[in-house]
Amino acid sequence: MTTIIDGNEVAADVRAGLADGIETLKAEGTTPGLATVLMSDDPASETYVSMKQRDCEEVGINGIHVEIDADAPAEELFDTVDELNADPEVHGILVQMPVPDHVDKRRVLRAIDPVKDVDGFHPENVGRMVAGNARYKPCTPHGIQKLLEAYDVETEGADAVVVGRSDIVGKPMTNLLIQKAPLGNATTTVCHSRTKDLAAKTREADIVVAAVGVPELVTGDMLKDGATVVDVGVNRVDADTDKGYELVGDVEFESAKDVAGRITPVPGGVGPMTRAMLLYNTVKAAGVQTDVAVDLP
Ligand SMILES: NC(=O)C1=CN([C@@H]2O[C@H](COP(=O)(O)OP(=O)(O)OC[C@H]3O[C@@H](n4cnc5c(N)ncnc54)[C@H](OP(=O)(O)O)[C@@H]3O)[C@@H](O)[C@H]2O)C=CC1
Ligand SMILES: Nc1nc(=O)c2c([nH]1)NC[C@@H]1CN(c3ccc(C(=O)N[C@@H](CCC(=O)O)C(=O)O)cc3)C=[N+]21
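The numbering of the sequence shown is UniProt numbering, which starts it at 1 and goes up by one.
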């Protein structure tokens, strides 16, 4: 029997586990604050950011949202980040990626105060994570670790294959999987668009993490019997639904579910965990910035 990993449920547990920390902070006079900055007309980005704001409201985090015209000068974004860096009510800052082409993405990541960088994308935080001393673990890989933990998936000595080498998912996921730490110690192969024979790699894996952005790239015949399959992809494909699209992962769920031992669905798998770990990092950030010790789940 294949286990369908319920990301909504584990995410709800993470959110519930943050209540104590948020209470502690409030008792000390601090409401954790998360600023989201959106400089894009992309409807998917708008959806994600509004979901993040709704999550904040649900757990009692102060959500601040800033929208910048996609064709505004880049300086407008940098000025906004400077203001948020200086605002004592803002403990976490997330600039939704991608930013428009005329904005230097690397400069954006460097502009955010590393202590407020709840995505964990600032070069200082990336460096710390690689060195095994993460300040904020990037939300998606961290959320995946929590899913693996919740479903007793052994990473220790496991053969893992990460498909995708992006800065926001593939690389940090690989890093966490190879670390000498709980939920690490996996023997990890990273695949990408130049990989010669992807199926040959994934077929050897006990754990497959697909973060590609290609709908249903990974099919059941590419998996080892009983493998744990983590589908990060959230792709909108045209469909005759109310919204005019449906969400499809990077894994072909129908064929994969018969082979996999455990598998995450899309939606309801990794996505809710990414958002939950953003709240986690925000509560952690508020504790760090106010010198209040908070218990984290
Ligand atoms: N659920 C969640 O919380 C999140 C979901 N996402 C989703 O995950 C997916 C990936 O996102 P992201 O990591 O940002 O994507 P990027 O586009 O930044 O990276 C995609 C990676 O996949 C590789 N790739 C592309 N085509 C192939 C192929 N045919 N075979 C093997 N590898 C390939 C690319 O290789 P190369 O480097 O050679 O170009 C690249 O490394 C998207 O669907 C995105 O929407 C992203 C973040 C969070
Ligand atoms: N600075 C930055 N940080 C990010 O963390 C970041 C980003 N930029 N840019 C884009 C990607 C993508 N991402 C998702 C988060 C949640 C869902 C999510 O909640 N998905 C729901 C469904 C969403 C829906 O209904 O459309 C699910 O899978 O169940 C998806 C995608 C974060 N990203």
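Note that CB positions come from ideal geometry on N, CA and C, so glycine has one too.
Note the first and the last residue of the continuous beta strand (DSSP E) segment covering Val237.
Counting from one through the sequence shown, the residue named residue 237 turns up at place 237. Residues Asn235 to Asp238.
So for Leu34, helix, strand or coil by DSSP?
In the sequence shown, the residue the question calls residue 34 occupies position 34. If DSSP states are grouped into helix, strand and coil, Leu34 belongs with the strands.
Can the beta-carbon of Val232 be found closer than 9 Å to that of Thr140?
Against the sequence shown, residue 232 aligns to sequence position 232. Against the sequence shown, residue 140 aligns to sequence position 140. Yes; because the gap between Cβ atoms is below 9 Å, this pair is in contact.
Quick one: is the Cβ of Arg194 within less than 8 Å of any heavy atom of ligand 1?
Locating residue 194 in the sequence shown gives position 194, where the first residue counts as 1. It does: the Cβ of Arg194 is within 8 Å (strictly closer) of some heavy atom of ligand 1.
From the DSSP output, which residues share a beta bridge with Tyr245?
Here residue 245 is taken as the residue at index 245 of the sequence shown, counted from 1. For Tyr245, which the question treats as bridged, DSSP gives the partners Asp238.
On the DSSP bridge assignment, give the partners of Asp159 in chain order.
Working through the sequence shown from its first residue, we reach residue 159 at position 159. According to DSSP, Asp159 bridges with Thr187.
Can you check DSSP and say which residues form a bridge with Gly92?
Along the sequence shown, one-based indexing puts residue 92 at 92. In DSSP, Gly92 forms a bridge with Leu34.
Gly92 and Leu278: beta carbons closer than 9 Å?
Taking the first residue of the sequence shown as 1, we reach residue 92 at position 92. Taking the first residue of the sequence shown as 1, we reach residue 278 at position 278. Yes, the pair counts as a contact, with Cβ atoms nearer than the cut-off.
Would His122 be called buried (16 or more neighbouring beta carbons within 10 Å of its own) or exposed?
Position 122 of the sequence shown, counted from the first residue, corresponds to residue 122. So His122 ends up on the buried side.
Nearest by alpha-carbon distance to Leu94: which of Tyr136, Gly127, Gly132 and Asp69 is it?
For this step, residue 94 is matched to residue 94 along the sequence shown. The candidate whose alpha carbon is nearest that of Leu94 is Tyr136.
Between the alpha carbons of Val214 and Val99, how many angstroms are there, rounded?
The residue you call residue 214 lines up with position 214 of the sequence shown. The residue you call residue 99 lines up with position 99 of the sequence shown. Cα-Cα distance, rounded: 21 Å.
Considering only their Cβ atoms, is the gap separating Ile61 from Gly33 smaller than 9 Å?
Reading the sequence shown from its first residue, position 33 is the one you call residue 33. Reading the sequence shown from its first residue, position 61 is the one you call residue 61. Yes; because the gap between Cβ atoms is below 9 Å, this pair is in contact.
Tell me where the beta strand (DSSP E) around Ile178 begins and ends.
Indexing the sequence shown from 1 puts residue 178 at position 178. Note, Ile178: premise wrong, no beta strand (DSSP E); alpha helix (DSSP H) at Gly170 to Ile178.
Of the choices Thr290, Gly132 and Pro272, whose alpha-carbon is the least far from that of Asp13?
Here the question's residue 13 lines up with position 13 in the sequence shown. Minimum Cα distance to Asp13 is reached at Pro272.
Does the beta-carbon of Met222 have 16 or more other beta-carbons within 10 angstroms, so that it is buried, or is it exposed?
Along the sequence shown, read from residue 1 onward, the residue named residue 222 stands at position 222. Per the 10 Å Cβ criterion, buried.
Out of curiosity, what's the CA-to-CA distance linking Gly261 and Pro138?
Stepping through the sequence shown from its first residue, residue 261 is reached at position 261. Stepping through the sequence shown from its first residue, residue 138 is reached at position 138. Their Cα atoms are separated by approximately 26 Å.
Can you give the Cα-Cα distance for Glu28 and Pro265, rounded to whole angstroms?
Against the sequence shown, residue 28 aligns to sequence position 28. Against the sequence shown, residue 265 aligns to sequence position 265. Using only the alpha carbons, I get a separation of about 40 Å.
Measuring straight from C-alpha to C-alpha, what distance separates Gly21 and Leu296?
Taking the sequence shown and counting its residues from 1, the one referred to as residue 21 is at position 21. Taking the sequence shown and counting its residues from 1, the one referred to as residue 296 is at position 296. Using only the alpha carbons, I get a separation of about 7 Å.
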